[in-house]
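Residue numbers (my numbering), protein chains in the order written: chain L, 5 to 267; chain F, 357 to 649; chain G, 522 to 966; chain C, 2 to 359.
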């Protein structure tokens, strides 16, 4: 037999032996896994399993006690938030972290900040590169707004929008950064089935149209199984499962710890 | 060397007076998360009320009780008309509201009792006597004793009484406290009332020293660095912070001041507090918060 | 500076309607107006309410007793400044044009800050600015500051007189050599103003001077007084302000420094400075340009005509005859005297500010005139000229006995000849900076 | 239907980013400017220039400065007056010590020095958050005042520590009359006001608001927090510094360090609370309120309440009303007068079709 296994590309993101604790409480214990470019990877597990903390480690909001993160060929012991952002990692938050006093458009535009080339002085005096750039960035932002169907609320202050829309705007802000790796912390929490379907469509479209790699945390197993290419299961800060959705579904440990409790 | 100790002791005793004002802040901050800038005005208001009653020949104890009642009414009004309307607003908004409050209280104090300076004699001698070559005054010792007993009373209150324990619960987690049926509004009223009491005590001691007058409300500016160093949530921190500020500013004024042209006492505590902040952002005894996102 | 209302009446009317229309419109032609930038609240309210109380009561008294100055009735209105500079400026601009036709005579803000801020304006508007016992020292030179009058006593004279007093107490100025004097000053421009002069005097007389600053507002002075305790000076000069004064006395007691060797300056000399310190103030000495008390005929008259008739301005009748009140009365006497002197020249009618200025420059109060005014012993003999806008430069010393001030010295004169060249140097520097050509006073009549 | 927007279609992003999107707003703004520059100088009198309009303009500018820092970037400050003092005293010294330096340039340089001072006192904000930043600004407040009181060099060794305005010569014009001082102030404030509107609509303005609303999220999307915060301190203090110079030179004509004490800082904070945080218009409304309200009150009292209330009581009463207004605004209208104005124009836009809005 001479079938050559297609050589899998190196992973975009690889966590190695990450541990994190707050004061005396261990939040994450020795977790390692890898995310391939272009895939949707779901992190699942019961509340308090350490999923959000893990996302916070990946983009530098928390500093792990041990372990290393490899991303796109570079290895970091501690990822700084701005390093993460500059390298194309963005995210959304579990409890929406939008800029509540700003309009939808402005929120999306802030997502563009790393792509802005003109200096603040040029912008303030509207000189040099600034005028053309303002139009260029605006076009990009408008494209995102259109993509997520939020044009009617473009100039509304986000703090006053309904929850579901805010979730969408937050996704928009993240997409505006043209991320390589997008971290979504419970993008569908608190939504009804219809809204979940809509959000799922946006997530899939993001992956397909922009080729973005996505790591997401989600509780709804149905959604997870439908969306993801790869599932990592956490429980009490430890990894108890890692593989394709159908494999994880079979894993007895996972069934016992997590899925088992669902039925 | 004895001069050094004299300055040190003088500074520590002055620091106790700062602590007295700072305690009022901590109480309110702990219970309602409000940084109450109006504490200084409350000190002024209570002292002015007390001394005006005294001048209208009320006996000491009656004036004290009446003032306390007035402070309670004030607390009720503040709770009813300000705090309750600003629930769930940002700490900065609440802080600014207390700025407004301090204007109201100062205006009120002056229109009720006039603007002249009143002398206040608590019957405690402020003449010095020497112990081991150090200069002490009865008044300072009395003030320290008062501050000490206040701390003891307040910690008993917080640790032993039902109300006190409920207060700590509120400070830790207001939502959970609400869920277990603690009456938040009543507690706030109590805390502002107690803070009014502490303000009255501070006002009497400061008033006896400075004369009761408008500038009493400025002591608030001395209390702020004390809070930063001690931490916003700890009564013990107030005392320690007060001692640190009192001692270091006096030492700095005497031993560093001459090289800088003197008069550095006004800004020195703030610079000190700032340096402290850079090293210990939550103060010596404060609780550090973990940011959850 | 006449405002041309007709220029665009509509707009001006719209702008002014809300403000001006609310004032009463009774005409007051034939009256002389005093705009009062008073302060009755805020940290210095005690001084303001006493001073303006005395000032107003005196004006009232002149009206009630004599029907005004040569039948020109006096009128006034108040504008609260709270001792805040911008409010003082607003009040100045609002009141300077007079009231309902009655022209303004002079402004008396009793605040160094407001005086500085209205100095140029007063000159431009030709309205005398009276800073009795305080103000800008070099404005004594009337050739450069024609409209500014630091009447009776400027800050330099103040310290000079204090040093002269200490000299006398020590048995002669030559005995000052080797003495130790500490000056405790308020950490503000006012507090520092005389430091240079003190150093000059220290060099001249050979005493050892230490300058100690008390940061504003001065409610903590532990370290300064411990320092004093270490230095063991013969005298402490207290150049205080507001709360700083009683606190200084109390802290002095706490550190064992005797109050009768502390000499308060002109802003440390009222009942409100001493009384709040209680026992600690007993024996405290201060300077004054006028004694407190009610034994002077003019005060008796005010009591009779104004206060007994329930037309007094004081809210608290106990403050009648206090230091600030009497300063207000003195200030009233001098203002009215200026109007009277000017009327001799210009006629018995309401006068403009420019005319009143001439009156101020020709005030001449000798003992005979002071007796006529019922103010002998209350006001010092005073002669103002074009070049000398201070006139007096003498103070008396008073001592606090625990409840009131008692005068303990006769008039002590400042060494004005020594100070004059320093004042002129400063005023000429100012003239140069501002491009002012000083008047030639030998040609003034 | 004065406020019709029908027929005004915005077809370019650039047009959409204009300061005033509606033609009526634009025309109104030009009319306002024209009357401020032409009509008012022609009609106004000394009192209006010296006691109302100039302080109003200067305080609006100071409000803008604080609003950048507090209203936009969310950093609470009680040190505004310190930066005003730095601006005023620096400008005075530049003018005094550099031969032939034009007046306007010394004001500008004063602003730059104030901006740099702001950066220094802003440094702790990189490490500390919330009210704790207050400590740094209070340190600035007390330290700066001490420096100018204690070192006579800054006031050219004048014994009283008071500085006086240099001659107001701009391009050979003598602007020392009240109307001249008004025009000078108005020109500077208008220019800086337009610039301020550009700043807050630029990326920098957005970054400030992002840091204010949720600093963690701002960091996560790549906004450089230190640079953003320090620029807020720098630009805020620059504006305050210019305002300080104007306060000293075109308004009072003189100033002592005590004139920039903590009460001034409070006053400026009240301007933005009442006017509206995070709004440029709000600074003007707030400043107008703070200048006019006491004047109106005392005029009313002099006219209508003679004998009913003496000036002392009135001022106390005023203080109480002020405090109540601050609390009232915080409770009912946290975005201040600017928000009330906006609601009003919004209603005007849809008037008389009441049910058209949302």
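No residue lacks a Cβ here, since even glycine has one placed at the ideal position from N, Cα and C.
Every value quoted in this text rests on a predicted model; they were computed, and no experiment measured them.
key: Chain-ordered residues of the stretch 102–120 of chain L with a beta carbon less than 9 Å from chain C   = Those residues of the stretch 102–120 of chain L that come within reach of chain C (Cβ to Cβ, closer than 9 Å) are 102, 103, 104, 105, 106, 110, 111, 113, 114, 115, 116, 117, 118, 120.
task = Using alpha carbons as the reference points, say which of 239(C), 222(C), 344(C), 151(C) lies closest to residue 716(G).
result = Residue numbering aside, residue 716(G) sits at position 195 when the third chain is read from its first letter. Per the Cα distances, 151(C).
key: Best match in 521(F), 582(F), 616(F) for proximity to residue 376(F) [C-alpha to C-alpha]   = Taking the first residue of the second chain as 1, we reach residue 376(F) at position 20. Residue nearest to residue 376(F) within the set 521(F), 582(F), 616(F) is 582(F) (criterion: CA-CA distance).
task = May I ask you to report which of helix, strand or coil DSSP gives residue 584(F)?
result = Your numbering for residue 584(F) matches position 228 in the second chain. If DSSP states are grouped into helix, strand and coil, residue 584(F) belongs with the helices.
key: Buried or exposed by the 16-neighbour rule on C-beta atoms within 10 Å, applied to residue 612(F)   = Taking the first residue of the second chain as 1, we reach residue 612(F) at position 256. Residue 612(F) should be labelled exposed.
query = Who are the neighbours of residue 589(F) on chain C, taking C-beta pairs under 7 Å?
reply = By 1-based counting over the second chain, the position of residue 589(F) is 233. Simply none; closest approach about 13 Å.
message = Going by C-alpha to C-alpha distance, which of 17(C), 84(C), 119(C), 342(C) sits closest to residue 230(C)?
response = Residue 230(C) sits at position 229 when you count from the first residue of the fourth chain. For the residues 17(C), 84(C), 119(C), 342(C), the minimum Cα distance to residue 230(C) belongs to 119(C).
key: Interface flag, residue 359(F) vs chain G, CB-CB below 8 Å   = In the second chain, residue 359(F) corresponds to position 3, counting from 1. Taking 8 Å as the CB threshold, residue 359(F) lines the interface with chain G.
query = Are the C-beta atoms of residue 398(F) and some chain C residue less than 8 Å apart?
reply = The count along the second chain starts at 1 and reaches residue 398(F) at position 42. Nearest CB-CB separation between residue 398(F) and chain C: not below the 8 Å threshold.
key: Helix, strand or coil at residue 921(G) [DSSP, three-state]   = In the third chain, counting from the first residue as 1, residue 921(G) sits at position 400. DSSP places residue 921(G) in strand when its eight states are reduced to three.
ask   = residue 157(L) touches chain C at which residues, Cβ-Cβ below 8 Å?
value = For the purposes of this step, residue 157(L) is taken as residue 153 along the first chain, with counting starting at 1. Within 8 Å Cβ-Cβ: nothing; residue 157(L) doesn't reach chain C, min ~11 Å.
task = Starting from the C-beta of residue 740(G), find all residues in its chain whose C-beta is less than 7 Å away, skip the five residues before and the five after it, and write them out in chain order.
result = In the third chain, residue 740(G) corresponds to position 219, counting from 1. Taken in chain order, the residues that qualify are 764, 768.
query = To the nearest angstrom, how far is it from the Cα of residue 886(G) to the Cα of residue 790(G)?
reply = Sequence index remark: in the third chain, residue 886(G) carries index 365 (1-based). Sequence index remark: in the third chain, residue 790(G) carries index 269 (1-based). C-alpha separation (whole angstroms): 24 Å.
request  = Compare the beta carbon distance of residue 134(C) and residue 77(C) with 8 Å and say whether it is the shorter of the two.
outcome  = One-based indexing of the fourth chain puts residue 134(C) at position 133. One-based indexing of the fourth chain puts residue 77(C) at position 76. Cβ distance < 8 Å, so residue 134(C) and residue 77(C) count as in contact.
message = Residues in the same chain with beta-carbon distance under 7 Å from residue 215(L), minus the five sequence neighbours each way, listed in chain order, please.
response = For the purposes of this step, residue 215(L) is taken as residue 211 along the first chain, with counting starting at 1. Excluding sequence neighbours, residue 215(L) sits near 42.
inquiry  = By the DSSP assignment, the alpha helix (DSSP H) with residue 760(G) in it spans what residues?
reply    = Position 239 of the third chain, counting from 1, holds the residue named residue 760(G). Taken as a continuous stretch (DSSP letters only), residue 760(G) belongs to no alpha helix (DSSP H), being part of the beta strand (DSSP E) at 756–760.
task = Starting from residue 879(G), follow the beta strand (DSSP E) in both directions and report where the run begins and ends.
result = Locating residue 879(G) in the third chain gives position 358, counting from the first residue. In this chain, residue 879(G) is not harboured by any beta strand (DSSP E); it is covered by the alpha helix (DSSP H) spanning 874–882.
query = In or out: residue 614(F) buried (at least 16 other Cβ within 10 Å) or exposed?
reply = If you number the second chain from 1, residue 614(F) lands on position 258. Residue 614(F) should be labelled exposed.
key: CB contact flag (residue 780(G), residue 805(G), <8 Å)   = Counted from its first residue, the third chain places residue 780(G) at position 259. Counted from its first residue, the third chain places residue 805(G) at position 284. Result yes, Cβ atoms of residue 780(G) and residue 805(G) sit closer than 8 Å.
request  = Helix, strand or coil for residue 927(G), going by three-state DSSP, please let me know.
outcome  = If you number the third chain from 1, residue 927(G) lands on position 406. Here residue 927(G) sits in strand by DSSP.
task = Mark residue 209(L) as exposed unless 16 or more other C-beta atoms lie within 10 angstroms of its C-beta, in which case mark it buried.
result = Position 205 of the first chain holds residue 209(L). With fewer than 16 Cβ atoms within 10 Å of its Cβ, residue 209(L) is classed as exposed.
query = Straight-line CA distance for residue 543(G) to residue 299(C)?
reply = Numbered from 1 along the third chain, position 22 holds the residue referred to as residue 543(G). Numbered from 1 along the fourth chain, position 298 holds the residue referred to as residue 299(C). In this prediction, residue 543(G) has a pLDDT of 42, which is less than 50 and means its spatial position is unreliable; nothing more can be read from the coordinates.
ask   = Under 8 Å, do residue 586(G) and residue 826(G) count as touching if we go by C-beta distance?
value = Along the third chain, one-based indexing puts residue 586(G) at 65. Along the third chain, one-based indexing puts residue 826(G) at 305. Result yes, Cβ atoms of residue 586(G) and residue 826(G) sit closer than 8 Å.
message = Give me the subset of the stretch 403–436 of chain F whose CB atoms are less than 7 Å from a CB atom of chain C, sorted by chain position.
response = Closer than 7 Å at the C-beta level to chain C, one finds no residue of the stretch 403–436 of chain F.
query = Using a Cβ cut-off of 8 Å, which residues of the stretch 763–793 of chain G contact any Cβ in chain F, in chain order?
reply = Listed by position, the residues of the stretch 763–793 of chain G near chain F (Cβ gap below 8 Å) are 763, 764, 767, 768, 771, 774, 775, 776, 777, 793.
query = For residue 597(G), does the three-state DSSP call read helix, strand or coil?
reply = Start at 1 with the first residue of the third chain, and residue 597(G) comes out as number 76. Residue state, collapsed to three classes: strand.
request  = Count the C-beta pairs between the stretch 51–69 of chain L and the stretch 236–255 of chain L that are closer than 8 Å, then say yes if the count reaches three, no if not.
outcome  = Yes: the two stretches touch, three or more of their Cβ pairs being nearer than 8 Å.
request  = Return yes when the Cβ of residue 959(G) is within less than 8 Å of the Cβ of residue 665(G), no when it is not.
outcome  = Locating residue 665(G) in the third chain gives position 144, counting from the first residue. Locating residue 959(G) in the third chain gives position 438, counting from the first residue. Contact flag set, yes.
ask   = Just to confirm, are residue 44(L) and residue 243(L) a CB contact at a threshold of 8 Å?
value = Looking up residue 44(L) in the first chain gives position 40. Looking up residue 243(L) in the first chain gives position 239. Taking the C-beta atoms as reference points, residue 243(L) is found no nearer than 8 Å to residue 44(L).
key: Under 7 Å (Cβ pairs) to chain L, residues found in the stretch 17–46 of chain C   = Contact annotation: in the stretch 17–46 of chain C, residues whose CB is within less than 7 Å of a CB in chain L are 18.
ask   = Do you know how far the Cα of residue 269(C) is from the Cα of residue 34(C)?
value = Counting from 1 along the fourth chain, the entry for residue 34(C) is found at position 33. Counting from 1 along the fourth chain, the entry for residue 269(C) is found at position 268. About 24 Å.
task = Please name the residue in 797(G), 947(G), 908(G) whose C-alpha comes closest to that of residue 473(F).
result = Looking up residue 473(F) in the second chain gives position 117. When C-alpha distances from residue 473(F) are compared across 797(G), 947(G), 908(G), the shortest belongs to 797(G).
ask   = Hey, quick one: how far does the alpha helix (DSSP H) through residue 188(L) stretch, first residue to last?
value = Counted from its first residue, the first chain places residue 188(L) at position 184. Boundaries around residue 188(L) are those of the beta strand (DSSP E), 185–189, since no alpha helix (DSSP H) includes it.
ask   = What residues in its chain sit with their C-beta under 7 Å from that of residue 319(C), if we drop five residues either side in the sequence?
value = Numbered from its first residue, the fourth chain carries residue 319(C) at position 318. 295, 298, listed in sequence order.
ask   = Are the beta-carbon atoms of residue 637(G) and residue 603(G) separated by less than 8 Å?
value = Here the question's residue 637(G) lines up with position 116 in the third chain. Here the question's residue 603(G) lines up with position 82 in the third chain. Not in contact: residue 637(G) and residue 603(G) (Cβ atoms no closer than 8 Å).
Test: residue 398(C) CB closer than 8 Å to a CB of chain F = The structure shown does not extend to residue 398(C), since chain C spans only 2 to 359, so no value can be given for it.
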